[in-house]
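What follows is a short report on a single structure.
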């Protein structure tokens, strides 16, 4: 292997610091909130069934109420809050040579995947996303499940276009 | 070139394995049966007890006889039904007793060809052949027993075909074909090295565990003693005897653990030879079961070495680790560890995989001290709880060992912070870690798959971030950097990946 070590000034290297992230579709926020709503409704039903039919003694019921009700409230508020906050912080960027995706409110992350390391990509919809006419783009690398990327909240046509673009980029680099 | 290259074997004609394969297949089936049915076998040996004992035993005996007969028949049928041959660019297998299978594997998909020999193989002078293919978990072309010259002919043929496919220019072909057999001994382990491995194996951890267990047991027993026994005398006696017993047991344990790890080292690593071929390493080792492990340069994603306190202080030896991309890309992480190698030997090995790499040129930087402040905070929180619990409910005697534990863990957290370092130079990322001993990892930058910046709530408040570096053999991280530095480092890593035209595999 040939040994090269040209000097670089750090300003020459493109930085991820000054990137404009694109937002995902606002409908995705509604989809996420709907998901949270469905979850909290199911939880409410489960808790009600527990309260009415499973717990027998009155004492047990009042203790259950004291613990379960506040926890439920806190959990639901947290769920909706995190859903909104997560949406606000979510964004992707398509650069010439890589794909970026950032997300997360309390625990945040920002991942950069060069096109030439992408194994394959696919467009996917879960049931709630289908209801809202949204798609997500999944991108796979050889770096294991946690390095795989999933950009939600795209219109199906945009997801498809993005996928084709990535495929083009991935194959293009191989031919070089 | 092609078939005629192997004068002894015409590999293009469908053939069976060595006749000894029958024995090895039977042996293989037996191992499976014993693994599956050991409760039944144990039942027979120990005896079921009760009135129906005789009945049970005879049933079980029948079962064993039937299973044996069955496996023997299967083995023989399998042997006679199993044909294989090689063509210009494919491996062909025809096998199956009830369902016939015809499998062809393109040679270009073959990742590695490994030989493995157990004691039967060595007795019959044959070897098993294991072929690892990309994108498949199934062992489609594994042979249980072929004669050693034939196995070598098969391997050389596959490798020559593979290098033909991989090297684009035709000039290289002749050279790579010839160099298939060109093995160079890089380094090896002798008996003294094995002795060192046995001695420096991490006994301390196991000894500590056992010691802790005995300590706990002693107090449990003490509390169970009936009240009418005169506490002071019994406790005093028990304590003296107990202490002696603990010392003896500890001594015994250390001796047993030492012998065990020595025997284990000899079995596994006897006559370990670290060989270099033109495009990768080959490692052969083992006393009875001779294992051969291949690591192609293209498949190696990470190289690392680490030591424990004993290895570091006593012998200055390390465990060298070669991590390869899994054959199924993601799940199967393949790695090989060579224990007991000196830095001198490691440098010899590195010289092949990282030509011209100068480890002295790395300018290593540390991470932010908030890394250990934070861990100490959580540790103190945990131990404050434990202390409170012990003080209010438990035996005060526990306070001392718990305090010692707290201090030890605290020191190890600080040590870990001190040792965590990273540096980028000459197209390689170097990561340092370890607690009391050292741990070094080298990653060629073009083997990186993706880079991630993560922040916990605490890190967000203090403008810190951790970098996670993904490779095809797992992830590594640089924790707790100031956001600005973390961004710069990831920019640089990604830039290097994108600039390089070298493939990651």
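Chains as they are written, first to last, in the working numbering: chain R, 32 to 207; chain X, 264 to 768.
The C-beta atom is built at its ideal place from N, Cα and C for all residues, glycine as well.
Chain R within 7 Å of residue i, Cβ atoms only
i                      : result
residue 638 of chain X : no
residue 759 of chain X : no
residue 750 of chain X : yes
residue 391 of chain X : no
residue 755 of chain X : yes
residue 733 of chain X : yes
residue 364 of chain X : no
residue 620 of chain X : no
residue 717 of chain X : yes
residue 714 of chain X : yes
residue 720 of chain X : yes
residue 349 of chain X : no
Beta-carbon proximity check, residue i vs residue j, cutoff 7 Å
i                      : j                      : result
residue 704 of chain X : residue 567 of chain X : yes
residue 365 of chain X : residue 372 of chain X : no
residue 630 of chain X : residue 742 of chain X : yes
residue 528 of chain X : residue 644 of chain X : no
residue 712 of chain X : residue 174 of chain R : yes
residue 52 of chain R  : residue 122 of chain R : yes
residue 736 of chain X : residue 577 of chain X : no
residue 588 of chain X : residue 562 of chain X : yes
residue 448 of chain X : residue 538 of chain X : yes
residue 540 of chain X : residue 607 of chain X : no
Top-ranked residue by Cα proximity to residue i, from the options
i                      : options                    : result
residue 530 of chain X : X:537, X:547, X:272, X:625 : X:547
residue 582 of chain X : X:289, X:359, X:532        : X:532
residue 405 of chain X : X:415, X:416, X:391        : X:391
residue 111 of chain R : R:186, R:65, R:124         : R:65
residue 133 of chain R : X:717, X:737, X:739, X:721 : X:717
residue 725 of chain X : X:636, X:416, X:625        : X:636
residue 558 of chain X : X:612, X:534, X:507        : X:612
residue 407 of chain X : X:424, X:419, X:377        : X:377
residue 47 of chain R  : X:763, X:753, X:448        : X:753
residue 146 of chain R : R:199, R:185, R:86         : R:199
residue 673 of chain X : X:519, X:641, X:697        : X:641
residue 634 of chain X : X:342, X:744, X:598, X:296 : X:744
residue 696 of chain X : X:571, X:602, X:555, X:768 : X:571
residue 109 of chain R : R:60, R:61, R:67, R:82     : R:67
Enclosing alpha helix (DSSP H) for residue i [first to last residue]
i                      : result
residue 117 of chain R : 89-120
residue 142 of chain R : Here residue 142 of chain R belongs to no alpha helix (DSSP H); instead the beta strand (DSSP E) covers 139-145.
residue 720 of chain X : 720-724
residue 635 of chain X : 633-655
residue 567 of chain X : Here residue 567 of chain X belongs to no alpha helix (DSSP H); instead the beta strand (DSSP E) covers 563-569.
residue 71 of chain R  : 57-80
Alpha-carbon to alpha-carbon, residue j and residue i
i                      : j                      : result
residue 179 of chain R : residue 287 of chain X : 42 Å
residue 155 of chain R : residue 766 of chain X : 29 Å
residue 723 of chain X : residue 107 of chain R : 24 Å
residue 275 of chain X : residue 388 of chain X : 23 Å
residue 719 of chain X : residue 139 of chain R : 7 Å
residue 688 of chain X : residue 70 of chain R  : 50 Å
residue 117 of chain R : residue 622 of chain X : 43 Å
residue 412 of chain X : residue 516 of chain X : 46 Å
residue 654 of chain X : residue 662 of chain X : 8 Å
residue 586 of chain X : residue 72 of chain R  : 48 Å
residue 733 of chain X : residue 677 of chain X : 26 Å
residue 756 of chain X : residue 58 of chain R  : 35 Å
residue 142 of chain R : residue 126 of chain R : 13 Å
residue 454 of chain X : residue 551 of chain X : 16 Å
residue 512 of chain X : residue 503 of chain X : 14 Å
residue 335 of chain X : residue 329 of chain X : 10 Å
residue 750 of chain X : residue 273 of chain X : 59 Å
residue 451 of chain X : residue 709 of chain X : 30 Å
residue 598 of chain X : residue 97 of chain R  : 53 Å
residue 279 of chain X : residue 340 of chain X : 12 Å
Short CB-CB distance (under 7 Å) between residue i and chain X
i                      : result
residue 47 of chain R  : yes
residue 148 of chain R : yes
residue 183 of chain R : no
residue 174 of chain R : yes
residue 144 of chain R : yes
residue 44 of chain R  : yes
residue 139 of chain R : yes
residue 4 of chain R   : Outside the displayed range of chain R (32 to 207) lies residue 4 of chain R, so it cannot be described from this structure.
Start and end residues, beta strand (DSSP E) containing residue i
i                      : result
residue 541 of chain X : Unbroken run through residue 541 of chain X: none, as it is neither H nor E.
residue 169 of chain R : 166-172
residue 374 of chain X : 373-380
residue 615 of chain X : Note, residue 615 of chain X: premise wrong, no beta strand (DSSP E); alpha helix (DSSP H) at 606-616.
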